[in-house]
Amino acid sequence: MPAMRAMILDGPKKPLRPADVPQPVPGPGEVLVRVRACGVCRTDLHVVDGDLAEPKLPLIPGHQVVGTVEAAGPARPGGGEGAPRRGGFAVGQRIGIPWLGGSCGGCDYCREGRENLCGHARYTGYQADGGFAEFCAADERFCFPLPEGYPDLQAAPLLCAGLIGYRALRMAGDAQRIGFYGFGASAHILAQAAKYQGRKIYAFTRPGDAAGQEFARRLGADWAGSSDEPPPEPLQAAIIFAPAGELVPAALRAVARGGTVVCAGIHMSDIPAFPYSILWGERVVRSVANLTRQDGQEFLALAPRAGVRSVVQPYPLEKANEALADLRAGRLTGAAVLVVDPRAAQ
Ligand SMILES: [Zn+2]
Ligand SMILES: [Zn+2]
Numbered sequence: 001m002p003a004m005r006a007m008i009l010d011g012p013k014k015p016l017r018p019a020d021v022p023q024p025v026p027g028p029g030e031v032l033v034r035v036r037a038c039g040v041c042r043t044d045l046h047v048v049d050g051d052l053a054e055p056k057l058p059l060i061p062g063h064q065v066v067g068t069v070e071a072a073g074p075a076r077p078g079g080g081e082g083a084p085r086r087g088g089f090a091v092g093q094r095i096g097i098p099w100l101g102g103s104c105g106g107c108d109y110c111r112e113g114r115e116n117l118c119g120h121a122r123y124t125g126y127q128a129d130g131g132f133a134e135f136c137a138a139d140e141r142f143c144f145p146l147p148e149g150y151p152d153l154q155a156a157p158l159l160c161a162g163l164i165g166y167r168a169l170r171m172a173g174d175a176q177r178i179g180f181y182g183f184g185a186s187a188h189i190l191a192q193a194a195k196y197q198g199r200k201i202y203a204f205t206r207p208g209d210a211a212g213q214e215f216a217r218r219l220g221a222d223w224a225g226s227s228d229e230p231p232p233e234p235l236q237a238a239i240i241f242a243p244a245g246e247l248v249p250a251a252l253r254a255v256a257r258g259g260t261v262v263c264a265g266i267h268m269s270d271i272p273a274f275p276y277s278i279l280w281g282e283r284v285v286r287s288v289a290n291l292t293r294q295d296g297q298e299f300l301a302l303a304p305r306a307g308v309r310s311v312v313q314p315y316p317l318e319k320a321n322e323a324l325a326d327l328r329a330g331r332l333t334g335a336a337v338l339v340v341d342p343r344a345a346q
């Protein structure tokens with residue numbers, strides 16, 4: 001079996017280990033993808049840091065995978081020989097592999113179009129090997145064709161930072177004044193989409209992060225300040241991208257009656273106790289979990305229309321640990337992306 005370069009997680013809190021491992025063999029209904037670039041997401045950091053309890057081990061992380069179809073596995077059982085594959089990707093076609101790698105298709109959630117909540121879902125770079133490697137196998141029904149006009153590196157952060165961020169934006173309803181707490185990979189993409197939708201964006205960064213606030217203004221934020229300041233006017237919704245529980249009461253204080261606070265991350269530190277008065281007035285706190293394929297289709301259609309550009313910081317595959325360390329320390333501007341194939345379009 002041919003070998004490939006990969007970055008491997010052996011256990012929580014261990015640095016990723018570069019290794020040569022066998023290329024994956026695509027199973028029934030899967031495609032083998034030659035990876036060009038893979039985004040680095042805060043969820044990858046939570047997996048590596050042991051905040052999420054159920055990774056397969058050893059694991060190849062990474063769930064914002066951009067690459068080309070190298071080969072297709074055998075037909076899915078029951079699909080029949082030569083049955084059209086639902087993904088229908090051609091060999092050589094550029095596609096994206098997102099966090100939701102599969103769901104059961106039969107539970108109430110899956111039948112209601114809420115596959116993001118399926119109890120038997122399989123997540124890329126968590127329960128299945130992901131894109132911190134030269135090749136990745138994925139269920140083609142859960143992969144996306146990628147819009148033209150996005151070089152490989154810029155396309156990668158659309159696949160989670162953009163896509164799950166888009167789901168969070170949808171959960172903010174039609175709020176016109178939206179606060180973003182944490183202006184990183186996700187917020188910098190969503191700010192552009194939200195501006196296109198005619199909304200006003202209020203960006204909150206760590207106190208004193210003048211560079212982060214300047215970055216937010218450059219990407220269209222109408223106001224930028226520190227997370228411990230009140231916004232200049234009451235917000236109608238807030239999305240919390242940073243994994244810091246203390247931002248929940250801060251955001252509740254910033255939203256007007258009837259406003260929604262959306263927690264967009266998969267993990268957050270404990271939320272401190274807060275007085276009922278800041279929730280009173282039909283304010284809502286909710287989380288957003290994963291993505292549905294419909295979120296992906298909608299967002300990948302919206303991004304080019306809205307002229308969304310992602311700002312990326314590239315790292316070679318072997319420097320994945322540095323990318324994770326920079327994300328952990330808040331040293332990134334925009335999104336970290338691993339360049340897996342040196343020929344990937346920047
Ligand atoms: Zn299901
Ligand atoms: Zn992610």
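If you count by the working numbering, then the sequence shown holds residues 1 to 346, one letter each, in order.
Where is the CB? At the ideal position from N, CA and C, for every residue including glycine.
How is residue i classed by DSSP in three states: helix, strand or coil?
i: PHE135; result: strand
i: ASP51; result: coil
i: GLU30; result: strand
i: THR205; result: strand
i: ARG343; result: coil
i: GLN23; result: coil
i: PRO58; result: coil
i: ARG5; result: strand
i: ALA128; result: strand
i: LYS13; result: coil
i: ALA121; result: coil
i: ARG199; result: coil
i: TYR150; result: coil
i: GLY67; result: strand
i: PHE183; result: coil
i: PRO18; result: strand
i: GLY39; result: strand
Among residues of its own chain, excluding the 5 on either side of residue i, which ones have a beta-carbon nearer than 6 angstroms to its beta-carbon?
i: ALA187; result: PHE180, PHE241
i: PRO316; result: VAL339
i: ARG111; result: none
i: ALA237; result: ALA172, ALA175, ILE178, GLY259, THR260
i: LEU146; result: ARG94, GLY96, ALA155
Kindly indicate which residue of the options has the alpha-carbon position closest to the one of residue i.
i: CYS41; options: ALA185, ASP49, ALA138, ALA237; result: ALA185
i: ARG122; options: PHE142, GLU134, PHE135; result: PHE142
i: TYR150; options: VAL33, PRO231, PRO304; result: PRO304
i: GLY258; options: GLY162, ARG283, LEU279; result: ARG283
i: PRO68; options: PRO15, GLU140, TRP99, GLY102; result: Looking at the sequence itself, residue 68 is Thr, so the reference to Pro does not match. The option with the nearest alpha carbon to THR68 is GLU140.
i: GLY198; options: GLN294, ALA175, ASP49; result: ALA175
i: ASP326; options: LEU163, TYR276, ASP44; result: ASP44
i: ALA168; options: ASP51, ASN116, PHE89; result: ASN116
i: GLY225; options: PHE144, LEU247, PRO207; result: PRO207
i: TYR196; options: MET171, PRO145, GLU322, GLY220; result: GLY220
i: GLU229; options: ALA289, ALA301, LEU247; result: LEU247
i: GLY182; options: VAL262, CYS136, GLU318; result: VAL262
i: ALA251; options: VAL285, ALA194, MET171; result: VAL285
i: GLU318; options: GLY131, THR124, GLY73; result: GLY131
i: ARG114; options: PHE299, LEU291, GLU322; result: LEU291
i: ALA323; options: ARG36, GLY62, PHE204, ALA19; result: GLY62
i: THR124; options: TYR109, LEU59, GLU134; result: LEU59
i: ALA37; options: ASP209, LEU163, ALA133, LEU235; result: ALA133
Could you name the residues of the same chain whose beta carbon sits closer than 8 angstroms to that of residue i, not counting the 5 residues immediately before and after it, in chain order?
i: GLU54; result: TYR126, GLN127
i: PRO22; result: MET1, PRO2, ALA3, MET4
i: LEU57; result: LEU9, ASP10, GLY11
i: ASP49; result: PRO12, LYS13, ARG328
i: GLN77; result: One detail in the question is off: residue 77 reads as Pro in this sequence, not Gln. PRO28.
Leaving aside the five residues before and after residue i along the sequence, list all residues of the same chain whose C-beta is less than 7 angstroms from its C-beta, in chain order.
i: PRO157; result: GLY39, GLN64, ALA185, ILE189, SER310, VAL312, ALA335, VAL337
i: THR333; result: PHE215, VAL311, GLN313
i: PRO249; result: PRO272, PHE274, ILE278
i: ALA19; result: ALA6, ILE8
Determine the burial state of residue i: buried for a count of at least 16 other Cβ atoms within 10 Å of its Cβ, exposed for fewer.
i: GLU26; result: Sequence inspection shows Pro at residue 26; the Glu mentioned does not correspond to that position. Looking at its Cβ environment, which holds 16 or more other Cβ atoms inside 10 Å, PRO26 is buried.
i: MET7; result: buried
i: GLY11; result: exposed
i: VAL91; result: exposed
i: GLY96; result: buried
i: GLN213; result: buried
i: ARG17; result: exposed
i: SER103; result: buried
i: TRP373; result: Residue 373 is absent from the structure shown; the chain starts at 1 and stops at 346.
i: SER269; result: exposed
i: GLU233; result: exposed
i: GLY330; result: exposed
i: PRO84; result: Below a pLDDT of 50, predicted positions are generally treated as unreliable, and PRO84, at 47, falls in that range; the measurement from the model is reported next regardless. With fewer than 16 Cβ atoms within 10 Å of its Cβ, PRO84 is classed as exposed.
i: GLU148; result: exposed
i: TYR202; result: buried
i: PRO243; result: buried
i: GLN192; result: buried
i: TYR166; result: buried
i: GLY307; result: exposed
Would you say residue i reaches chain B, if we count a Cβ-Cβ gap shorter than 7 angstroms as a contact?
i: GLY212; result: The structure shown contains no chain B; it holds only a single protein chain.
(request) At 4 residues or longer, and completely inside the segment 69-118: list those alpha helix (DSSP H) runs for me, N to C. (result) Counting whole runs of 4 or more residues, the segment 69-118 contains the alpha helix (DSSP H) stretches 108-111.
(message) List, from N- to C-terminal side, the beta strand (DSSP E) runs of 3 residues or more that fit wholly inside the segment 214-289.
(response) With a minimum length of 3 residues, the continuous beta strand (DSSP E) runs that stay inside the segment 214-289 are 223-226, 235-240, 255-263, 284-287.
(request) Would you list the residues whose beta-carbon is nearer than 7 angstroms to any heavy atom of ligand 3, in the order they occur in the chain? (result) The model depicted lacks ligand 3 and carries ligand 1 and ligand 2 instead.
(request) May I have a chain-ordered list of the alpha helix (DSSP H) segments no shorter than 4 residues that lie completely inside the segment 282-339? (result) Listed in chain order, they are 293-305, 320-328.
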